[in-house]
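Student:
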(Lines of atoms letter the chains of each structure in order from A and count residues from 1; the text may use other names and numbers.)
(Lines give C-alpha, C1' and ligand atoms only; values in the text may rest on other atoms or scores of the structure.)
Protein backbone atom coordinates (compact mmCIF):
# COMPACT_ATOMS: atom_id res chain seq x y z
CA UNK A 1 0.00 0.00 0.00
CA UNK A 2 1.36 3.38 -0.98
CA UNK A 3 1.69 6.27 1.43
CA UNK A 4 -0.81 9.05 0.86
CA UNK A 5 1.41 12.10 0.42
CA UNK A 6 1.20 15.32 2.37
CA UNK A 7 0.79 18.40 0.19
CA UNK A 8 4.27 19.83 -0.26
CA UNK A 9 3.34 23.03 -2.05
CA UNK A 10 2.22 24.65 1.21
CA UNK A 11 5.57 24.97 2.98
CA UNK A 12 8.27 23.47 0.76
CA UNK A 13 8.69 26.14 -1.91
CA UNK A 14 11.46 28.73 -1.98
CA UNK A 15 13.14 29.33 1.35
CA UNK A 16 10.13 28.16 3.37
CA UNK A 17 11.60 24.77 4.32
CA UNK A 18 14.76 26.46 5.61
CA UNK A 19 12.67 28.89 7.66
CA UNK A 20 10.44 26.15 9.02
CA UNK A 21 13.40 23.91 9.90
CA UNK A 22 15.14 26.87 11.54
CA UNK A 23 12.04 27.43 13.65
CA UNK A 24 12.04 23.75 14.68
CA UNK A 25 15.73 23.92 15.58
CA UNK A 26 15.25 27.07 17.65
CA UNK A 27 12.53 25.31 19.65
CA UNK A 28 14.47 22.07 20.09
CA UNK A 29 18.03 23.29 20.64
CA UNK A 30 18.03 26.67 22.37
CA UNK A 31 15.81 26.10 25.44
CA UNK A 32 17.76 24.43 28.22
CA UNK A 33 21.26 25.56 27.25
CA UNK A 34 21.27 28.02 30.14
CA UNK A 35 19.01 26.22 32.63
CA UNK A 36 21.01 23.02 32.97
CA UNK A 37 24.25 23.52 34.95
CA UNK A 38 27.62 22.52 33.51
CA UNK A 39 27.73 18.74 33.16
CA UNK A 40 30.45 16.41 34.39
CA UNK A 41 32.80 15.41 33.15
CA UNK A 42 33.66 16.06 29.52
CA UNK A 43 31.57 19.20 29.06
CA UNK A 44 33.02 20.89 32.14
CA UNK A 45 36.55 20.02 31.04
CA UNK A 46 35.98 21.56 27.61
CA UNK A 47 34.35 24.66 29.07
CA UNK A 48 36.99 25.15 31.76
CA UNK A 49 39.86 24.82 29.29
CA UNK A 50 38.17 27.36 27.02
CA UNK A 51 37.62 29.67 30.00
CA UNK A 52 41.32 29.47 30.85
CA UNK A 53 42.17 30.28 27.25
CA UNK A 54 40.13 33.47 27.52
CA UNK A 55 41.56 34.33 30.94
CA UNK A 56 45.18 33.75 29.95
CA UNK A 57 45.04 34.91 26.30
CA UNK A 58 47.08 31.81 25.48
CA UNK A 59 45.50 30.57 22.24
CA UNK A 60 47.96 27.75 21.56
CA UNK A 61 48.38 25.63 24.69
CA UNK A 62 45.36 23.82 26.18
CA UNK A 63 45.16 23.53 29.96
CA UNK A 64 42.79 22.30 32.62
CA UNK A 65 44.04 24.19 35.65
CA UNK A 66 47.78 23.53 35.45
CA UNK A 67 47.45 20.15 33.77
CA UNK A 68 47.81 19.88 29.96
CA UNK A 69 44.68 18.78 28.10
CA UNK A 70 45.95 17.17 24.94
CA UNK A 71 43.15 14.80 23.88
CA UNK A 72 41.68 17.00 21.14
CA UNK A 73 43.07 19.77 18.89
CA UNK A 74 42.44 23.41 19.65
CA UNK A 75 39.48 24.18 17.36
CA UNK A 76 36.70 23.58 19.89
CA UNK A 77 38.43 25.79 22.46
CA UNK A 78 38.83 28.63 19.98
CA UNK A 79 35.14 28.54 19.09
CA UNK A 80 33.96 28.37 22.69
CA UNK A 81 36.37 31.13 23.71
CA UNK A 82 35.14 33.32 20.86
CA UNK A 83 31.54 32.65 21.87
CA UNK A 84 32.08 33.62 25.50
CA UNK A 85 34.05 36.72 24.49
CA UNK A 86 31.23 37.84 22.18
CA UNK A 87 28.15 36.88 24.16
CA UNK A 88 29.20 36.78 27.81
CA UNK A 89 32.26 39.03 28.19
CA UNK A 90 31.50 39.87 31.83
CA UNK A 91 30.70 36.35 33.02
CA UNK A 92 33.06 33.60 31.91
CA UNK A 93 31.08 31.04 33.93
CA UNK A 94 27.90 31.32 31.84
CA UNK A 95 27.74 27.78 30.46
CA UNK A 96 25.21 28.75 27.77
CA UNK A 97 27.89 30.77 25.97
CA UNK A 98 30.05 27.63 25.69
CA UNK A 99 27.07 25.56 24.51
CA UNK A 100 25.95 28.06 21.90
CA UNK A 101 28.42 26.85 19.19
CA UNK A 102 27.00 23.32 19.54
CA UNK A 103 23.40 24.54 19.27
CA UNK A 104 24.21 26.63 16.19
CA UNK A 105 26.17 23.75 14.65
CA UNK A 106 23.20 21.40 15.15
CA UNK A 107 20.92 23.97 13.48
CA UNK A 108 23.34 24.30 10.54
CA UNK A 109 23.49 20.50 10.29
CA UNK A 110 19.72 20.26 9.85
CA UNK A 111 19.74 22.84 7.04
CA UNK A 112 22.73 21.14 5.40
CA UNK A 113 20.91 17.80 5.57
CA UNK A 114 18.04 19.35 3.62
CA UNK A 115 20.43 20.83 1.05
CA UNK A 116 22.33 17.56 0.64
CA UNK A 117 19.19 15.45 0.26
CA UNK A 118 17.82 17.99 -2.22
CA UNK A 119 20.83 17.27 -4.46
CA UNK A 120 19.35 13.86 -5.27
CA UNK A 121 15.71 13.89 -4.15
CA UNK A 122 12.58 16.00 -4.18
CA UNK A 123 11.82 18.57 -1.52
CA UNK A 124 9.41 16.37 0.44
CA UNK A 125 12.01 13.63 0.88
CA UNK A 126 14.61 16.26 1.74
CA UNK A 127 12.29 17.88 4.27
CA UNK A 128 11.44 14.55 5.89
CA UNK A 129 15.15 13.69 6.07
CA UNK A 130 15.89 16.94 7.88
CA UNK A 131 12.95 16.56 10.24
CA UNK A 132 13.87 12.96 11.11
CA UNK A 133 17.39 14.08 11.82
CA UNK A 134 16.49 17.28 13.70
CA UNK A 135 14.14 15.51 16.10
CA UNK A 136 16.34 12.53 16.94
CA UNK A 137 17.31 12.28 20.60
CA UNK A 138 21.06 12.12 20.02
CA UNK A 139 21.07 15.36 18.01
CA UNK A 140 18.99 17.21 20.61
CA UNK A 141 21.26 15.98 23.40
CA UNK A 142 24.48 16.95 21.61
CA UNK A 143 23.06 20.37 20.72
CA UNK A 144 22.83 21.07 24.46
CA UNK A 145 26.43 20.19 25.33
CA UNK A 146 29.64 22.20 25.01
CA UNK A 147 31.58 19.44 23.25
CA UNK A 148 33.02 18.68 19.82
CA UNK A 149 30.37 16.37 18.37
CA UNK A 150 27.78 18.81 17.01
CA UNK A 151 30.54 20.93 15.47
CA UNK A 152 32.15 17.92 13.79
CA UNK A 153 28.72 16.90 12.50
CA UNK A 154 28.14 20.25 10.78
CA UNK A 155 31.57 20.15 9.15
CA UNK A 156 31.07 16.57 7.92
CA UNK A 157 27.77 17.63 6.37
CA UNK A 158 29.25 20.67 4.63
CA UNK A 159 32.09 18.60 3.16
CA UNK A 160 29.71 15.81 2.11
CA UNK A 161 27.32 18.32 0.56
CA UNK A 162 30.06 19.61 -1.72
CA UNK A 163 31.32 16.09 -2.47
CA UNK A 164 27.79 14.81 -3.21
CA UNK A 165 27.13 17.58 -5.72
CA UNK A 166 30.41 16.89 -7.48
CA UNK A 167 29.56 13.18 -7.58
CA UNK A 168 26.06 13.90 -8.93
CA UNK A 169 27.39 16.17 -11.68
CA UNK A 170 30.06 13.66 -12.72
CA UNK A 171 27.55 10.78 -12.76
CA UNK A 172 24.91 12.79 -14.63
CA UNK A 173 27.27 13.99 -17.35
CA UNK A 174 29.40 10.85 -17.57
CA UNK A 175 32.55 12.95 -17.58
CA UNK A 176 34.85 14.75 -15.20
CA UNK A 177 33.70 17.88 -13.47
CA UNK A 178 35.71 20.25 -11.33
CA UNK A 179 34.82 22.40 -8.35
CA UNK A 180 35.36 26.07 -8.95
CA UNK A 181 38.15 27.56 -6.89
CA UNK A 182 35.79 29.15 -4.36
CA UNK A 183 33.89 25.91 -3.63
CA UNK A 184 37.15 23.93 -3.55
CA UNK A 185 38.48 26.40 -0.98
CA UNK A 186 35.39 25.86 1.17
CA UNK A 187 35.71 22.06 0.82
CA UNK A 188 39.35 21.85 1.89
CA UNK A 189 38.95 24.52 4.56
CA UNK A 190 36.11 22.45 5.99
CA UNK A 191 38.34 19.38 6.14
CA UNK A 192 41.03 21.44 7.86
CA UNK A 193 38.48 22.75 10.36
CA UNK A 194 37.33 19.18 11.02
CA UNK A 195 40.90 18.15 11.82
CA UNK A 196 41.26 21.13 14.15
CA UNK A 197 38.05 20.11 15.92
CA UNK A 198 38.42 16.33 16.25
CA UNK A 199 41.47 15.05 14.46
CA UNK A 200 41.24 12.59 11.55
CA UNK A 201 37.54 11.66 11.76
CA UNK A 202 36.28 13.95 8.98
CA UNK A 203 39.07 13.11 6.50
CA UNK A 204 38.51 9.41 7.20
CA UNK A 205 34.79 9.69 6.39
CA UNK A 206 35.54 11.56 3.15
CA UNK A 207 38.26 9.10 2.08
CA UNK A 208 36.07 6.05 2.76
CA UNK A 209 33.13 7.60 0.90
CA UNK A 210 35.29 8.39 -2.15
CA UNK A 211 36.91 4.93 -2.14
CA UNK A 212 33.62 3.04 -1.94
CA UNK A 213 31.99 5.14 -4.67
CA UNK A 214 35.03 4.82 -6.91
CA UNK A 215 35.14 1.03 -6.55
CA UNK A 216 31.37 0.76 -6.90
CA UNK A 217 31.21 2.83 -10.10
CA UNK A 218 34.62 1.69 -11.37
CA UNK A 219 35.48 5.32 -11.97
CA UNK A 220 38.50 6.72 -10.19
CA UNK A 221 38.89 10.13 -11.77
CA UNK A 222 35.82 11.95 -10.47
CA UNK A 223 37.35 12.82 -7.10
CA UNK A 224 40.09 14.77 -8.91
CA UNK A 225 37.42 17.43 -9.33
CA UNK A 226 38.03 18.44 -5.70
CA UNK A 227 41.36 19.98 -6.84
CA UNK A 228 43.46 17.79 -4.51
CA UNK A 229 46.84 19.45 -5.19
CA UNK A 230 45.48 22.89 -4.40
CA UNK A 231 43.44 21.45 -1.54
CA UNK A 232 46.27 19.64 0.22
CA UNK A 233 48.43 22.77 0.08
CA UNK A 234 45.58 24.86 1.49
CA UNK A 235 44.90 22.23 4.15
CA UNK A 236 48.54 22.26 5.28
CA UNK A 237 48.63 26.05 5.34
CA UNK A 238 45.60 26.06 7.63
CA UNK A 239 46.52 23.31 10.09
CA UNK A 240 50.32 23.38 10.25
CA UNK A 241 50.81 26.69 12.10
CA UNK A 242 49.06 25.49 15.25
CA UNK A 243 50.39 21.93 15.05
CA UNK A 244 53.96 23.23 14.71
CA UNK A 245 53.41 25.68 17.56
CA UNK A 246 51.99 23.03 19.90
CA UNK A 247 54.83 20.67 18.94
CA UNK A 248 57.38 23.27 20.01
CA UNK A 249 55.57 24.24 23.20
CA UNK A 250 55.00 20.66 24.35
CA UNK A 251 58.10 19.07 22.82
CA UNK A 252 55.85 16.62 20.97
CA UNK A 253 53.84 15.63 24.04
CA UNK A 254 50.55 16.75 22.48
CA UNK A 255 50.90 14.14 19.72
CA UNK A 256 51.90 11.42 22.17
CA UNK A 257 48.80 12.13 24.25
CA UNK A 258 46.24 12.73 21.49
CA UNK A 259 47.39 10.06 19.03
CA UNK A 260 49.12 7.54 21.25
CA UNK A 261 47.06 7.62 24.41
CA UNK A 262 43.64 8.94 23.40
CA UNK A 263 43.03 7.72 19.84
CA UNK A 264 44.99 4.46 19.70
CA UNK A 265 43.84 3.41 23.17
CA UNK A 266 40.22 3.89 22.10
CA UNK A 267 40.83 1.71 19.05
CA UNK A 268 42.50 -1.14 20.93
CA UNK A 269 40.88 -1.09 24.39
CA UNK A 270 37.57 0.04 25.85
CA UNK A 271 38.67 3.22 27.60
CA UNK A 272 36.95 4.40 30.80
CA UNK A 273 34.63 1.35 30.89
CA UNK A 274 33.18 2.21 27.48
CA UNK A 275 34.02 -1.05 25.73
CA UNK A 276 31.28 -2.97 23.91
CA UNK A 277 31.05 -5.76 21.31
CA UNK A 278 30.35 -5.17 17.60
CA UNK A 279 26.68 -4.46 17.00
CA UNK A 280 26.43 -2.01 19.89
CA UNK A 281 25.89 1.03 17.68
CA UNK A 282 23.34 -0.79 15.51
CA UNK A 283 21.23 -1.74 18.52
CA UNK A 284 21.54 1.72 20.03
CA UNK A 285 19.91 3.26 16.96
CA UNK A 286 16.53 2.46 18.53
CA UNK A 287 17.23 4.96 21.31
CA UNK A 288 19.53 7.46 19.62
CA UNK A 289 17.33 7.85 16.53
CA UNK A 290 14.08 7.88 18.47
CA UNK A 291 11.32 8.96 17.77
CA UNK A 292 11.40 7.75 14.16
CA UNK A 293 13.51 4.66 14.68
CA UNK A 294 10.53 2.54 13.58
CA UNK A 295 11.68 2.91 9.98
CA UNK A 296 15.45 2.55 10.41
CA UNK A 297 16.07 -1.18 10.21
CA UNK A 298 13.59 -1.91 7.38
CA UNK A 299 14.89 1.07 5.40
CA UNK A 300 18.52 0.07 5.89
CA UNK A 301 17.74 -3.47 4.71
CA UNK A 302 15.82 -2.16 1.72
CA UNK A 303 18.48 0.41 0.81
CA UNK A 304 20.48 -2.10 -1.21
CA UNK A 305 17.58 -2.61 -3.61
CA UNK A 306 17.51 1.18 -4.11
CA UNK A 307 21.22 1.38 -4.85
CA UNK A 308 20.72 2.51 -8.45
CA UNK A 309 19.57 5.84 -7.05
CA UNK A 310 22.68 8.03 -6.84
CA UNK A 311 21.56 9.57 -3.55
CA UNK A 312 21.08 6.20 -1.87
CA UNK A 313 24.39 5.00 -3.28
CA UNK A 314 26.14 8.05 -1.85
CA UNK A 315 24.51 7.48 1.55
CA UNK A 316 25.51 3.80 1.59
CA UNK A 317 29.10 4.76 0.78
CA UNK A 318 28.95 7.35 3.56
CA UNK A 319 27.47 5.08 6.24
CA UNK A 320 28.58 1.48 5.75
CA UNK A 321 32.42 1.62 5.75
CA UNK A 322 32.62 4.11 8.62
CA UNK A 323 30.00 2.18 10.58
CA UNK A 324 32.07 -1.00 10.25
CA UNK A 325 35.13 0.88 11.51
CA UNK A 326 33.24 2.21 14.53
CA UNK A 327 31.80 -1.21 15.36
CA UNK A 328 35.31 -2.69 15.31
CA UNK A 329 36.80 0.04 17.51
CA UNK A 330 36.97 -1.22 21.10
CA UNK A 331 35.75 1.98 22.77
CA UNK A 332 32.12 2.75 21.92
CA UNK A 333 30.04 5.77 22.88
CA UNK A 334 26.61 6.66 21.44
CA UNK A 335 27.77 9.89 19.79
CA UNK A 336 30.54 8.24 17.75
CA UNK A 337 28.11 7.44 14.93
CA UNK A 338 26.51 10.91 14.93
CA UNK A 339 28.24 12.05 11.67
CA UNK A 340 26.49 9.16 9.88
CA UNK A 341 22.96 9.96 11.04
CA UNK A 342 22.10 12.44 8.25
CA UNK A 343 22.68 9.72 5.64
CA UNK A 344 20.54 7.28 7.64
CA UNK A 345 17.80 9.91 7.86
CA UNK A 346 17.89 10.34 4.07
CA UNK A 347 17.58 6.58 3.54
CA UNK A 348 14.63 6.42 5.96
CA UNK A 349 12.89 9.38 4.32
CA UNK A 350 13.33 7.74 0.92
CA UNK A 351 11.61 4.61 2.20
CA UNK A 352 8.76 6.65 3.65
CA UNK A 353 8.29 8.47 0.34
CA UNK A 354 8.48 5.23 -1.65
CA UNK A 355 5.73 3.79 0.52
CA UNK A 356 7.73 0.73 1.56
CA UNK A 357 5.38 -1.08 3.92
CA UNK A 358 6.39 -2.18 7.42
CA UNK A 359 3.89 -5.03 7.44
CA UNK A 360 5.12 -8.56 8.07
CA UNK A 361 6.93 -10.28 10.93
CA UNK A 362 10.10 -8.21 10.75
CA UNK A 363 8.21 -4.94 10.50
CA UNK A 364 5.98 -5.85 13.43
CA UNK A 365 8.99 -6.76 15.57
CA UNK A 366 10.70 -3.45 14.77
CA UNK A 367 7.54 -1.46 15.48
CA UNK A 368 7.08 -3.29 18.78
CA UNK A 369 10.66 -2.57 19.80
CA UNK A 370 10.22 1.06 18.80
CA UNK A 371 7.04 1.39 20.87
CA UNK A 372 8.64 -0.30 23.89
CA UNK A 373 11.64 2.02 23.63
CA UNK A 374 9.38 5.07 23.63
CA UNK A 375 7.37 3.79 26.57
CA UNK A 376 10.58 2.99 28.44
CA UNK A 377 11.80 6.57 27.93
CA UNK A 378 8.45 7.88 29.22
CA UNK A 379 8.82 5.68 32.31
CA UNK A 380 12.37 6.97 32.83
CA UNK A 381 11.04 10.53 32.78
CA UNK A 382 8.66 9.56 35.59
CA UNK A 383 11.27 7.56 37.49
CA UNK A 384 13.88 10.35 37.67
CA UNK A 385 12.11 12.35 40.41
CA UNK A 386 11.17 9.14 42.23
CA UNK A 387 14.81 8.01 42.30
CA UNK A 388 16.02 11.46 43.32
CA UNK A 389 13.28 11.75 45.95
CA UNK A 390 11.93 14.97 44.48
CA UNK A 391 8.38 16.00 43.67
CA UNK A 392 6.54 14.55 40.69
CA UNK A 393 5.40 17.86 39.25
CA UNK A 394 2.99 18.66 36.44
CA UNK A 395 6.04 19.14 34.20
CA UNK A 396 7.18 15.58 34.87
CA UNK A 397 3.72 14.22 34.15
CA UNK A 398 3.45 16.35 31.02
CA UNK A 399 6.79 15.09 29.66
CA UNK A 400 5.77 11.46 30.15
CA UNK A 401 2.19 11.83 28.91
CA UNK A 402 3.22 13.75 25.78
CA UNK A 403 5.81 11.09 24.95
CA UNK A 404 3.24 8.36 25.54
CA UNK A 405 0.87 10.23 23.21
CA UNK A 406 3.65 10.33 20.61
CA UNK A 407 3.96 6.54 20.74
CA UNK A 408 0.19 6.07 20.42
CA UNK A 409 -0.02 8.59 17.57
CA UNK A 410 2.87 6.90 15.78
CA UNK A 411 1.36 3.42 16.13
CA UNK A 412 -2.02 4.62 14.89
CA UNK A 413 -0.67 6.08 11.67
CA UNK A 414 2.02 3.43 11.13
CA UNK A 415 -0.67 0.77 10.95
CA UNK A 416 -2.61 2.97 8.54
CA UNK A 417 0.54 3.15 6.38
CA UNK A 418 0.53 6.92 6.88
CA UNK A 419 4.27 7.08 7.56
CA UNK A 420 4.62 10.77 6.75
CA UNK A 421 2.03 11.70 9.35
CA UNK A 422 3.51 9.19 11.80
CA UNK A 423 6.88 10.86 11.32
CA UNK A 424 5.60 14.42 11.70
CA UNK A 425 3.45 13.58 14.71
CA UNK A 426 6.05 11.62 16.64
CA UNK A 427 8.77 14.21 15.99
CA UNK A 428 6.53 17.04 17.20
CA UNK A 429 5.22 15.21 20.27
CA UNK A 430 8.53 13.66 21.32
CA UNK A 431 10.26 17.00 20.73
CA UNK A 432 7.69 18.70 22.98
CA UNK A 433 8.20 15.99 25.59
CA UNK A 434 11.97 16.26 25.58
CA UNK A 435 11.75 20.05 25.57
CA UNK A 436 9.52 19.91 28.64
CA UNK A 437 11.90 17.50 30.37
CA UNK A 438 15.06 19.45 29.54
CA UNK A 439 13.74 22.92 30.34
CA UNK A 440 11.27 22.35 33.18
CA UNK A 441 12.15 19.03 34.81
CA UNK A 442 15.91 18.51 34.76
CA UNK A 443 16.97 21.98 35.98
CA UNK A 444 14.76 21.53 39.06
CA UNK A 445 16.15 18.14 40.08
CA UNK A 446 18.36 19.66 42.77
CA UNK A 447 20.00 16.39 43.93
CA UNK A 448 21.62 16.14 40.47
CA UNK A 449 23.34 19.51 40.74
CA UNK A 450 25.74 19.14 43.65
CA UNK A 451 28.27 21.59 42.28
CA UNK A 452 25.67 24.26 41.55
CA UNK A 453 24.26 23.95 45.06
CA UNK A 454 27.70 24.14 46.67
CA UNK A 455 28.66 27.17 44.61
CA UNK A 456 25.36 28.93 45.31
CA UNK A 457 25.83 28.46 49.07
CA UNK A 458 29.35 29.92 48.89
CA UNK A 459 28.21 32.94 46.88
CA UNK A 460 25.36 33.59 49.32
CA UNK A 461 27.93 33.78 52.10
CA UNK A 462 30.64 35.81 50.36
CA UNK A 463 29.06 37.34 47.27
CA UNK A 464 31.85 35.73 45.25
CA UNK A 465 34.06 32.65 45.55
CA UNK A 466 37.11 33.19 47.78
CA UNK A 467 40.19 30.96 47.92
CA UNK A 468 38.84 27.43 47.98
CA UNK A 469 39.93 23.83 48.51
CA UNK A 470 37.96 20.65 47.96
CA UNK A 471 38.60 17.40 49.81
CA UNK A 472 37.14 14.27 48.23
CA UNK A 473 34.89 15.98 45.67
CA UNK A 474 36.96 16.49 42.53
CA UNK A 475 34.50 16.96 39.68
CA UNK A 476 35.55 19.30 36.82
CA UNK A 477 32.32 21.29 37.17
CA UNK A 478 33.56 22.52 40.56
CA UNK A 479 36.57 24.09 38.85
CA UNK A 480 34.43 25.72 36.18
CA UNK A 481 31.79 27.08 38.57
CA UNK A 482 34.19 28.33 41.26
CA UNK A 483 37.68 29.44 40.22
CA UNK A 484 40.56 28.09 38.17
CA UNK A 485 43.00 28.09 41.10
CA UNK A 486 40.84 25.86 43.32
CA UNK A 487 42.97 23.38 45.27
CA UNK A 488 42.28 19.69 45.79
CA UNK A 489 43.50 17.49 48.61
CA UNK A 490 42.40 15.36 51.57
CA UNK A 491 40.71 16.37 54.80
CA UNK A 492 43.98 17.31 56.49
CA UNK A 493 44.98 19.49 53.54
CA UNK A 494 41.63 21.27 53.76
CA UNK A 495 42.14 22.03 57.46
CA UNK A 496 45.64 23.39 56.86
CA UNK A 497 44.33 25.50 53.97
CA UNK A 498 41.74 27.17 56.22
CA UNK A 499 44.35 27.77 58.90
CA UNK A 500 46.71 29.45 56.45
CA UNK A 501 44.23 31.76 54.71
CA UNK A 502 41.96 34.17 56.53
CA UNK A 503 39.18 34.25 53.93
CA UNK A 504 38.83 30.80 52.46
CA UNK A 505 36.42 27.93 52.02
CA UNK A 506 36.77 24.17 52.39
CA UNK A 507 34.44 21.83 50.51
CA UNK A 508 34.63 18.47 52.28
CA UNK A 509 33.16 15.17 51.15
CA UNK A 510 31.75 12.90 53.86
CA UNK A 511 34.63 10.43 53.32
CA UNK A 512 37.12 13.15 54.28
CA UNK A 513 35.00 14.79 56.96
CA UNK A 514 36.35 12.80 59.91
CA UNK A 515 39.98 13.49 58.97
CA UNK A 516 39.14 17.16 58.42
CA UNK A 517 37.47 17.56 61.82
CA UNK A 518 40.24 15.63 63.58
CA UNK A 519 42.91 17.85 62.02
CA UNK A 520 40.94 20.98 62.85
CA UNK A 521 40.65 19.87 66.47
CA UNK A 522 44.32 18.93 66.74
CA UNK A 523 45.46 22.25 65.26
CA UNK A 524 43.03 24.29 67.34
CA UNK A 525 41.34 25.85 64.31
CA UNK A 526 37.89 27.34 64.85
CA UNK A 527 35.62 26.49 61.92
CA UNK A 528 31.91 26.54 61.21
CA UNK A 529 29.79 24.77 58.66
CA UNK A 530 27.95 27.23 56.43
CA UNK A 531 26.20 24.74 54.16
CA UNK A 532 25.59 21.11 53.42
CA UNK A 533 24.71 19.66 50.03
CA UNK A 534 23.28 16.20 49.53
CA UNK A 535 22.83 14.69 46.12
CA UNK A 536 23.81 12.23 43.42
CA UNK A 537 27.23 12.36 41.84
CA UNK A 538 25.94 11.02 38.50
CA UNK A 539 29.45 10.68 37.07
CA UNK A 540 30.20 7.99 39.65
CA UNK A 541 26.66 6.83 40.36
CA UNK A 542 27.09 7.51 44.08
CA UNK A 543 25.17 9.60 46.58
CA UNK A 544 27.23 12.29 48.27
CA UNK A 545 27.01 14.44 51.37
CA UNK A 546 29.20 17.53 50.98
CA UNK A 547 29.90 20.03 53.76
CA UNK A 548 31.15 23.59 53.27
CA UNK A 549 33.33 25.07 56.03
CA UNK A 550 34.84 28.47 56.73
CA UNK A 551 37.16 29.66 59.50
CA UNK A 552 35.59 31.60 62.38
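Numbering (our numbering), first residue to last: 5 to 556.
Glycine residues also receive a C-beta, built at the ideal position from the N, C-alpha and C atoms.
Keep in mind the model is a prediction, meaning the values are calculated, not measured.
Which stretch, first to last residue, makes up the beta strand (DSSP E) that contains residue 536?
Tutor: 531–541 is the span of the beta strand (DSSP E), which, as asked, contains residue 536.
Student: Start and end of the beta strand (DSSP E) containing residue 471?
Tutor: Looking at the DSSP string, the run of the beta strand (DSSP E) that includes residue 471 is 471–475.
Student: With a cut-off of 8 Å, do at least 3 Cβ pairs link the region 80–98 to the region 125–145?
Tutor: No, they do not touch.
Student: Closer than 6 Å by C-beta to residue 533: which residues in its own chain qualify, once you throw out the five before and the five after it? Chain order, please.
Tutor: So the qualifying residues of the chain are 551, 553.
Student: Starting from the Cα of residue 485, find the closest Cα among 537, 15, 149, 41 and give me that residue.
Tutor: For residue 485, the nearest C-alpha among the options comes from 41.
Student: Label residue 17 either buried or exposed according to how many other C-beta atoms from any shown protein chain fall within 10 Å of its C-beta, with 16 as the threshold for buried.
Tutor: Classification of residue 17: exposed, given that the 10 Å Cβ count is below 16.
Student: For residue 513, which residues does DSSP report across the bridge?
Tutor: DSSP lists 550 as partners of residue 513.
Student: Leaving out five residues on either side along the sequence, give the residues of the same chain with a beta carbon under 7 Å from the beta carbon of residue 57.
Tutor: Here the set comprises 63, 81, 85.
Student: Looking at residue 311 and residue 320, is the spacing between their C-beta atoms short of 8 Å?
Tutor: In this structure, residue 311 lies closer than 8 Å to residue 320 by Cβ.
Student: Going along the chain, which unbroken runs of the alpha helix (DSSP H) with 4 or more residues stay wholly within the region 151–179?
Tutor: Counting only runs of 4 or more, we get 153–177.
Student: Distance check for residue 520 and residue 500, CA to CA, integer angstroms please.
Tutor: Roughly 9 Å separates the two Cα atoms.
Student: Identify the continuous beta strand (DSSP E) that holds residue 3 and give its terminal residues.
Tutor: Outside the shown range of the chain (5 to 556) lies residue 3, about which nothing can therefore be said.
Student: Kindly indicate which residue of 173, 360, 217, 341 has the alpha-carbon position closest to the one of residue 309.
Tutor: Per the Cα distances, 360.
Student: Would you report the Cα separation of residue 189 and residue 374, rounded to the nearest angstrom?
Tutor: Looking at the two C-alpha atoms, the distance is approximately 43 Å.
Student: Going by DSSP, what residues sit across from residue 72 in a beta bridge?
Tutor: Answer is 67, bridged to residue 72.
Student: Pick from 69, 45, 231: whose alpha carbon is nearest that of residue 55?
Tutor: The shortest C-alpha separation from residue 55 is found at 69.
Student: Write down the C-beta distance between residue 426 and residue 414 rounded to the nearest angstrom, noting that I regard them as a contact closer than 8 Å.
Tutor: Yes, residue 426 and residue 414 are in contact; Cβ-Cβ is about 5 Å, under 8 Å.
Student: How would you call residue 316, buried or exposed, if buried means at least 16 neighbouring beta carbons within 10 angstroms?
Tutor: Per the 10 Å Cβ criterion, buried.
Student: Find out if the Cβ-Cβ distance for the pair residue 157, residue 21 is shorter than 8 Å.
Tutor: No. Outside cutoff.
Student: Run through DSSP, which three-state label would residue 508 get?
Tutor: Here residue 508 sits in strand by DSSP.
Student: Looking only at its own chain, which residues have a Cβ that is under 7 Å from the Cβ of residue 52, when we skip the five neighbours before and after it?
Tutor: Here the set comprises 68, 480, 483, 484.
Student: Tell me the DSSP secondary structure of residue 394 in three-state form.
Tutor: Three-state DSSP puts residue 394 in coil, outside helix and strand.
Student: Taking 8 Å as the limit between beta carbons, can you name the residues of its chain near residue 165, skipping five residues before and five after?
Tutor: Excluding positions up to five away in sequence, the list reads 116, 119, 120, 123.
Student: Would you decide whether residue 547 is buried or exposed? Buried here means 16 or more other CB atoms lie within 10 Å of its CB.
Tutor: Per the 10 Å Cβ criterion, exposed.
Student: Quick one: what does DSSP say residue 486 is sitting in, helix, strand or coil?
Tutor: Note: residue 486 maps to coil in three-state DSSP.
Student: For residue 464, which three-state DSSP category applies?
Tutor: In the structure shown, residue 464 sits in a helix (DSSP, three-state: H, G or I).
Student: Applying the 10 Å Cβ sphere with the 16-neighbour rule, what's the burial state of residue 179?
Tutor: Residue 179 should be labelled exposed.
Student: Ignore the nearest five residues each way along the sequence and tell me which others in residue 36's own chain have a CB closer than 8 Å to its CB.
Tutor: Hits under 8 Å: 148, 439, 442, 443, 446, 447.
Student: Using the rule of at least 16 other Cβ atoms within 10 Å of the residue's Cβ for burial, across every protein chain shown, is residue 244 buried or exposed?
Tutor: Burial call: exposed.
Student: Let me confirm a value: residue 153 is counted as buried when at least 16 other C-beta atoms fall within 10 Å, else exposed. Which label applies?
Tutor: Burial call: buried.
Student: If contact is defined by three or more beta carbon pairs under 8 Å, each pair taking one atom from either stretch, is the region 209–229 in contact with the region 102–113?
Tutor: The region 102–113 is not in contact with the region 209–229.
Student: If I measure Cβ to Cβ from residue 284 and keep anything under 6 Å in the same chain, skipping five residues before and after, which residues do I get?
Tutor: Around residue 284: 336.
Student: Among 402, 509, 329, 455, whose alpha-carbon lies nearest the alpha-carbon of residue 537?
Tutor: Selected option, being the one with the closest Cα: 455.
Student: Fully enclosed by the region 174–227, which alpha helix (DSSP H) runs are 4 residues long or longer?
Tutor: Here the runs fully enclosed are 185–202, 205–221.
Student: Compare the C-alpha of residue 526 against each of 404, 405, 215, 503 and name the closest.
Tutor: Of 404, 405, 215, 503, the residue nearest in Cα terms is 503.
Student: Hey, which unbroken runs of the alpha helix (DSSP H) at 4 residues or more fall wholly within the region 14–48?
Tutor: Within the region 14–48, the complete alpha helix (DSSP H) runs of at least 4 residues are 20–33.
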